[in-house]
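Under our numbering, the first residue of the sequence shown is numbered 31, with each subsequent residue one higher.
Remarks on the structure that follows.
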Amino acid sequence: MAGEVRDFDSFCRALLEDGLSLGSGDDQRFHTVIPGTWESPADGSPVRWHTGDPETDPWEWRMRVLEERDDVAYAKLFFRTSGYIAWPLYPLFYAVRRRGESLEEAYRRGTVSGAAKRIYDVLAASGGVALHDLKLLGRFSKGEKSPFDRALTDLQSRMFITVCGREQKRDKNGRAYGWNSTVFTTVEDFWAVRGRSLGEEDPERAYAVLLARLRTLRPDLEPSRAEKALRNGMDVKFDADFAGECRVYAESGEFLALCRAEGGALKTIKSFFEV
């Protein structure tokens, strides 16, 4: 386990030592190296959320790791919420979640939505694209906000795309204005820019290595939750005594899939973008 985190430098050291972390300090959900949450700061710690201080504000650390380092990725990676994965663990997660499959192959199999394909196609053709431009280039209407948001999260959890920075909107004269917008790119381009190749790790070997690492970091984590965190980053809960068809929702309320519960296991009938 990493040492105490009190500023950005110690956060980076802890993250590189442990290899992964939630983007928040909620250690009840999953492993994190960040002390405290926005609602409940850690006693005696200088770390405080949303102060704007780049040294002690975890909200600022998200972009600093992307702008200042070449060995950390940040995106919605665990249970459809934000997280960090450091090199060299990232290629192992990539192998487990992608299993050598391209976006086009996943789309033909029906495991990614049409909205996800539209987003990915824009990024694959254009490189890094800010969120506001991504909606325009993908021709998403205001009525498609929910499909767009679900697809964006799914693509990050599945490790097809990742966050690569931030960018302001620009007016017709090229002047920047307003709040920063998140910039996305494909995971392959993200690491290529940083001079790293994801390679072709064996998915099952990669899973075994990651599971051993997670058990070292969080021996108290339930096996089922550890598996969900490693394989797809989604959190699914159900009554083990229940049998029959059921709808599965994320903690955020997003509809994920129509499933059948049998013998304490869930089998997918149709994913949310097929129903």
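Yeah, the Cβ is synthetic: ideal placement off N, Cα and C, and Gly gets one too.
Remember, it's a predicted structure, so these values are computed and weren't measured experimentally.
Exposed or buried, what is residue i when buried is set at 16 or more other beta-carbons lying within 10 Å of its beta-carbon?
i    : result
H80  : exposed
A44  : buried
D201 : exposed
V223 : exposed
P118 : exposed
L166 : exposed
A206 : exposed
Q186 : buried
P65  : buried
W221 : buried
P88  : buried
A103 : buried
G168 : buried
G204 : exposed
K172 : exposed
G113 : buried
A238 : exposed
Just to confirm, are residue i and residue j a CB contact at a threshold of 9 Å?
i    : j    : result
R226 : S211 : no
R255 : L50  : no
G130 : Y137 : no
T216 : F190 : yes
V193 : R261 : no
A125 : P233 : yes
L164 : A146 : no
Could you please give the first and the last residue of the uninterrupted beta strand (DSSP E) stretch that includes residue i?
i    : result
A155 : Counting along the chain, A155 falls outside any beta strand (DSSP E), though it belongs to the alpha helix (DSSP H) covering G144 to S156.
V126 : No beta strand (DSSP E) contains V126, which is instead part of the alpha helix (DSSP H) from Y120 to R128.
Q58  : Neither: Q58 is in no beta strand (DSSP E) and is coded neither H nor E.
W209 : A206 to T216
L161 : Where L161 is concerned, there is no enclosing beta strand (DSSP E), although the alpha helix (DSSP H) it sits in stretches over L161 to L167.
E40  : Per the sequence shown, residue 40 should be read as Ser rather than Glu. Counting along the chain, S40 falls outside any beta strand (DSSP E), though it belongs to the alpha helix (DSSP H) covering F38 to D48.
A317 : With the chain covering only 31 through 305, there is no way to say anything about residue 317.
S102 : In the sequence as displayed, the identity of residue 102 is Val instead of Ser. Residues V102 to F108.
R200 : I191 to R200
Could you tell me the boundaries of the alpha helix (DSSP H) in which residue i lies?
i    : result
K258 : P253 to R261
V95  : P88 to E98
V35  : Segment: none, V35 is in no alpha helix (DSSP H) and carries neither H nor E.
T81  : Counting along the chain, T81 falls outside any alpha helix (DSSP H), and DSSP gives it neither H nor E.
K175 : K175 to S187
L241 : P233 to L247
Report, in whole angstroms, the separation of the C-beta atoms of residue i and residue j, which I expect to be a contact under 8 Å.
i    : j    : result
H61  : L241 : Going by Cβ atoms, the distance from H61 to L241 rounds to 13 Å, so no, they are not a contact pair.
F214 : V159 : 6 Å
L122 : E231 : 6 Å
R188 : R127 : 6 Å
V63  : V35  : 6 Å
A116 : D100 : Not a contact, Cβ separation roughly 11 Å.
F38  : P71  : The pair is not a contact, with the Cβ atoms about 17 Å apart (cut-off 8 Å).
Would a check of beta-carbon distances place residue i closer than 9 Å to chain C?
i    : result
D232 : Annotation note: the requested chain C is absent from the structure, which comprises a single protein chain.
> Looking at C-beta atoms only, is the number of pairs between the region 73-89 and the region 154-169 that lie closer than 8 Å three or more?
Replying inline: no
> Taking three-plus beta-carbon pairs below 8 Å as touching, is the region 105-120 in contact with the region 52-59?
Replying inline: yes
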